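First up is the structure itself, then whatever we jot down about it.
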């Protein structure tokens, strides 16, 4: 193996740059050349490919976003488009690939592996919704961004005896809401994975106020519904001074935390290790604190398992 | 003068606690007792009043929100309710008052002064919309909170070549949008004080992309319209990948910045100075870096003047 | 069991308040009364004990430090002093105890257990040096605090082509230096657990500059030596423009991160669970993502195992 | 005037990039070409000069440090070296210059002006020690960085009843210590501009503890002495548990605050305005909230005036 390509695909996540750096430095340390591909699979097909040196990835570890940019490129599902991508790999002498993104990116990665270009997938996504990994690159940072915002909202809630319903990201996964809800002492956490009882939530809030609580907080995963809809629903069960907040896209940016930089660094190095062992079509994950690699095919049928003990834990705390 | 009361009214703002502390410590240093009033004018009327010591305000300077809580209490506009408030002042032996809040709070403060209870107003509001002061307590912190959020949004915008329309607070005032727009290098700033040309904004964005710019950013004051409405309007002038974000209530919270803590401290001490001079019905402000006190009556007819040179400055930068 | 006591002992750590809250809310949810003990074992002996309600722990989860305060109290090693502490437990009707602190606190906890007062230990320390737990409460926050500071130092190093030697905390443990060193892309990490070769470090720095690197960074665990001593040593191997920085006590404070709040919450609830099962003399830890409880006696002979793979990983990155 | 050069000199300061951007965008908007000079006057002499476009300064406004790098180059005081610098200006067709740095940079700027190359100076320094300007670019950010660090230190001080002596930067100027001392509620602020009475400081600390204060804080400007020396001195007047902390170089880095970005933007545009008016040898400042330009010569005899009312204000608060 002489040359590795790297691309980032799908929604971006803090820590992607740290992962790109880790792949690059590890490959170079093993005398393998490294080529960066801009704009994910779209850039691969367009041939937006350039050589990277140790210098290229300097001063990147603390930067949010991805300096290789990213794109969603559903067209890559078509064989024709994949073949164009492979032509570009051939043209640039690239033997193997590291794909950093959500598990949607793994389909394209697997296709390339099947065509003889080993690809390893690294879980880059703030949503933490990738199977066979306890944490994705970007999840810890997104959680802390959301938590900081809610801590600020709580300053104001305390002053006004309000109920704040705060939408956090996660697409169909409730992990951000779960961890952030526990971290902010939410009165209620609402996630797709657990049926919610709005009447009970209303009761918890009323009980809290009766017990002298000065504010109410509901952390709501976007995968369930939007904050304004939930707010209206809640008002049917009580005369609350309730406000909806949608934290939005800031959750995808920002300088990565220590956890995300370290995780990205370990995973990036491990990806190169796997390629050096001649492996491909594997998705890297961290499970029970150990790095693992699973067949990408297995991921497509599986579902990420979050730590749902946090859900009942928070209910006990809110009493 | 033997006893000063302090209350915070209206929307809360970071730095209010620092102001309360400054009033308290300065009063105590002058052998004047200090009483805190919870929940603004509502708490005054309800008699929710307690004595404060130096200890009460310890470890408060870095806390967001207001530990005296706050409330909007439009009922205080009625003479009857004001008289009840005055009874409470009498009952607790309070001679004078410091009112920290938006200029809406100044009406109540002026009524009390007219009844013989000198009141000094301190401009506590994130909106920076109070006349005769370049800056309000809380404005600097709110701007930095918004800026940090937008810096994070820009990480993701850069990755996706998107246009982000971000709503910031300010009620009818464009100052937050103005300062934050300049600080985040926005392609366009939209504020109530200046007519906006959406076609020109669309052109600026298109021109920027044509020149290689990787993202577009519009900072939109909530006083003009909401982000989603603006987004739809913008789409009539170009095929943009545009997203709306509303930063929301986090802008009212958080630990105050140095500027807000120092400003609050200076203003709090100054308020006590004015009361010691037997003055009342005055609103404290900072103009051209000097502390000033204006008759509250003058404020009611006046309008805050922002630094609109920033508006044209940012237009030049966005070319 | 009717009444649980809680105390925090030793150096404080962000997340301690979240742990206190978790113990309190879980106990109350199980109809167990909760008493807080100020100033660790010193306060226990002095009888500085008070009842806590759900309200007492409200709005604490995001606060750094410990609202129960802390103290180092070596006198508690003496039987006499322990007996005084036990008298206080008796006097206040406390049946069991949760001790949050470094493993030094566990000795006292074990003594109380032996006297019939079950005590569970929670690992509260920024140093991450407690055996049988991958992470202590406070470690993640301290690492992020150090990383943020070094990110800022790097801004200036880049401008001046300097080498910064930065002391981070950890007492005798290198974990903070290890994780922070990887997260900041340090040219060298120096920890007590690994012999360091200063000549090789000097070569790495020179090689980096020759390859166009604009700055050099050495992350140095305080357990090895202080930054100024190391700096002088380094200058014997090259004509570096080197500056020493000691990050200091800020690493012990600050609002806890999501990880620390969630970990503290899980551990706090688990401690109460163990006490409800009639257990005592156990130290809670998290290993491979699972909560565990070990006999405190086992900890006294053991040594914390860090993730030393990060050490060689970072060396590869620095080439 | 067809071509402007920009350089940053001396110690770096957050906001320098925003200033470079403002100069560049304003010049380009006036059809003037812009050339960046790396490494201050050293780079000028070496001819390390390159053309800049609007793109060059994109995504820079939020970056700490200076992307033009910086250097201290005392050799530029010599006529010979200045002439070499002028040759480079000629060679690159540069007509005028914007110099961003401390007032030490202004000497070189004045020499160039005298030789026919108009130069305008912008005050870039965290120390706030430049005459004829209330604020320098970088001061607000440095203050907030120091304040955040001290807020974290206070979390731990509260737990341990300690006295922390914290060194902040400023070289010979006490402004950072002054503003940060007020913002952190320090028991004492020690600056070069005011004689300090260590016995009185010791008394203030003891009195505070006697009144129930849980911690003590002294904010010490580096221009007076170092924290360890002061700590030892303090121990002669009381049996304090005192710790020294030196915040160090982190104060020079970090993403600039809103104030610094806005100030830098206004000053950068103003510098180009002055050059367009054919002016040179002027130092830009902001006084009483208005932009001003002073003859550089006047600065060399003058001394920056800080807001020393804050000094006595904080003394009153600490009683």
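Residue numbers (our numbering), protein chains in the order written: chain L, 1 to 319; chain G, 1001 to 1319; chain P, 2001 to 2319; chain R, 3001 to 3319.
Ideal placement from N, C-alpha and C gives every residue a C-beta, glycine not left out.
Quantities reported herein were computed from a predicted structural model and do not represent experimental measurements.
I want to verify the contact list: residues of chain G whose CB lies under 7 Å from the CB of residue i, in sequence order.
i	result
residue 3017(R)	Residues of chain G passing the Cβ test: none, with the nearest at roughly 11 Å.
residue 3313(R)	1265, 1266 and 1269
residue 3179(R)	1258 and 1262
residue 3029(R)	1316 and 1319
residue 254(L)	1152 and 1155
residue 3058(R)	1213
Measuring only the C-alpha atoms, how far is residue i from residue j?
i	j	result
residue 1172(G)	residue 1127(G)	8 Å
residue 2105(P)	residue 3245(R)	26 Å
residue 3287(R)	residue 3055(R)	32 Å
residue 1130(G)	residue 1177(G)	16 Å
residue 233(L)	residue 1166(G)	27 Å
residue 277(L)	residue 25(L)	17 Å
residue 1164(G)	residue 1243(G)	5 Å
residue 3043(R)	residue 3082(R)	12 Å
residue 3260(R)	residue 1142(G)	15 Å
residue 1048(G)	residue 1041(G)	10 Å
residue 2237(P)	residue 2202(P)	6 Å
residue 208(L)	residue 297(L)	47 Å
residue 3096(R)	residue 3002(R)	9 Å
residue 3292(R)	residue 1149(G)	32 Å
residue 204(L)	residue 2030(P)	17 Å
In chain L, what lies closer than 9 Å to residue i by C-beta?
i	result
residue 2055(P)	211, 212 and 213
residue 2310(P)	262, 265 and 266
residue 2221(P)	The contacting residues do not exist; residue 2221(P) stays about 15 Å from chain L at best.
From the DSSP output, in three-state form, read off residue i for me.
i	result
residue 2947(R)	Here chain R comprises residues numbered 3001 to 3319, so residue 2947(R) is not present and cannot be evaluated.
residue 2051(P)	strand
residue 1243(G)	strand
residue 2148(P)	helix
residue 2043(P)	helix
residue 3314(R)	helix
residue 3165(R)	strand
residue 1141(G)	helix
residue 3095(R)	coil
residue 2376(P)	Outside the modelled stretch of chain P, which goes from 2001 to 2319, sits residue 2376(P), for which no answer is possible.
Excluding the 5 residues preceding and the 5 following residue i in the sequence, name in chain order all residues of the same chain whose CB lies nearer than 8 Å to its CB.
i	result
residue 1114(G)	1281
Name the chain P residues that come within less than 8 Å of residue i, Cβ to Cβ?
i	result
residue 166(L)	Simply none; closest approach about 14 Å.
Just the chain R side, please: which residues come within less than 7 Å of residue i by C-beta, in chain order?
i	result
residue 1026(G)	3316
residue 1042(G)	Within chain R, no residue comes near residue 1042(G); the closest Cβ sits about 29 Å away, beyond 7 Å.
Using C-beta distances below 7 Å, list every residue in its chain close to residue i, excluding the 5 sequence neighbours before and after it, in chain order.
i	result
residue 19(L)	100, 122, 124, 137, 264, 267 and 268
residue 1028(G)	1034 and 1054
residue 3064(R)	3014, 3253, 3254, 3255 and 3256
residue 2111(P)	2082
Give me the chain L residues within the contact set of residue i, using Cβ-Cβ distance strictly less than 8 Å, ordered along the chain.
i	result
residue 2288(P)	288, 289 and 290
Which same chain residues, not among the five before or five after residue i, have their C-beta less than 6 Å away from its C-beta?
i	result
residue 241(L)	162
residue 140(L)	257, 259 and 260
residue 2098(P)	2006, 2023, 2120 and 2271
So does residue i have its beta carbon nearer than 6 Å to some heavy atom of the ligand NAP?
i	result
residue 56(L)	Because no ligand of any kind appears in the structure shown, any question about the ligand NAP cannot be addressed here.
For this session: Below 9 Å between beta carbons is the criterion; list the residues of the stretch 1137-1152 of chain G that meet it against any residue of chain L, in chain order.
Result: 1145, 1148, 1149, 1150, 1151 and 1152
Exercise. Just by C-beta distance, which residues in the stretch 1227-1249 of chain G are closer than 9 Å to chain L?
Worked result: 1243, 1244, 1245, 1246, 1247, 1248 and 1249
Problem set entry | Where the stretch 1060-1075 of chain G meets chain R: residues whose CB sits under 8 Å from a CB there | 1061 and 1062
Exercise. Of the residues that make up the stretch 179-194 of chain L, which ones have a beta carbon closer than 8 Å to any beta carbon in chain P?
Worked result: 179, 180, 182, 183, 184 and 185
For this session: With 8 Å as the C-beta to C-beta threshold (strictly closer), list the residues of the stretch 106-135 of chain L near chain P in chain order.
Result: 134
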